[in-house]
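First comes the structure, then the notes that go with it.
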Amino acid sequence: MIRTIKPVDAAHIAGIYNYYVVNSIVTFEFEPVSVDEMAKRIDTICKRYPYLVYEEEGIVLGYAYATQWKARQAYQHSVESSVYLHHEAIGKGVGSKLYTKLLDELKAMSIHAVIGGISLPNDASVALHEKFGFEKIGQLKQVGRKFNRWIDVGYWELIISK
1 MIRTIKPVDA AHIAGIYNYY VVNSIVTFEF EPVSVDEMAK RIDTICKRYP YLVYEEEGIV
61 LGYAYATQWK ARQAYQHSVE SSVYLHHEAI GKGVGSKLYT KLLDELKAMS IHAVIGGISL
121 PNDASVALHE KFGFEKIGQL KQVGRKFNRW IDVGYWELII SK
């Protein structure tokens with residue numbers, strides 16, 4: 001089931017996210033995020049953009065949300081999207097279900113462009129974005145450093161309105 005996030009979900013979201021903080025280059029954060037901090041982040045995003053969770057039998061297996069792309073007013077119709085899955089839910093279609101619903105909600109909000117930033121390499125995320133028609137629009141070389149190595153970030157974009 002996909003639903004709008006609730007405040008009580010913050011612990012599940014922090015758990016999913018912190019797995020990537022500690023074990024991957026998917027996020028450039030170094031320290032796990034507390035449940036309270038995650039709750040604040042969720043609250044800030046929900047004031048303006050959709051934040052969805054995928055739940056099975058009461059367990060949150062993934063989440064997706066959109067945030068403001070940039071602060072300048074002319075960017076108001078563009079967002080950055082994020083999808084995170086419980087590491088055991090990867091490859092089971094959860095990300096696709098979340099992205100389908102997220103993109104539908106963004107279209108209803110008259111969002112024009114959706115941008116996905118992906119730290120590279122990340123074949124699963126690239127495949128998910130390209131499945132939905134996102135096109136790679138650029139790559140910044142060696143802009144992040146984690147686990148004693150330089151990391152590139154690629155950007156994919158999807159125009160969802162005419």
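In full-length UniProt numbering, the protein residues as written are 1 to 162.
We treat Cβ as the ideally placed atom computed from N, Cα and C, and that holds for glycine.
- Excluding its 5 nearest sequence neighbours in each direction, R48 has C-beta neighbours in its own chain below 8 Å: Q68, listed in chain order.
- Contact check for Y17 against T27 passes: the beta carbons are separated by less than 9 Å.
- The DSSP-derived three-state label of R41 is helix.
- Excluding five sequence positions before and after L140, the CB atoms of its chain that fall closer than 6 Å to its own CB belong to V153, given in chain order.
- Under the DSSP assignment, A127 falls in the alpha helix (DSSP H) whose first and last residues are D123 to K131.
- With respect to the C-alpha of Q142, the residue from F132, P121, E130 and G133 having the closest C-alpha is P121.
- The alpha-carbon separation between S161 and I90 amounts to approximately 29 Å.
- DSSP places E105 in the uninterrupted alpha helix (DSSP H) bounded by V94 to A108.
- Boundaries of the alpha helix (DSSP H) harbouring G15: A10 to N23, taken from the DSSP string.
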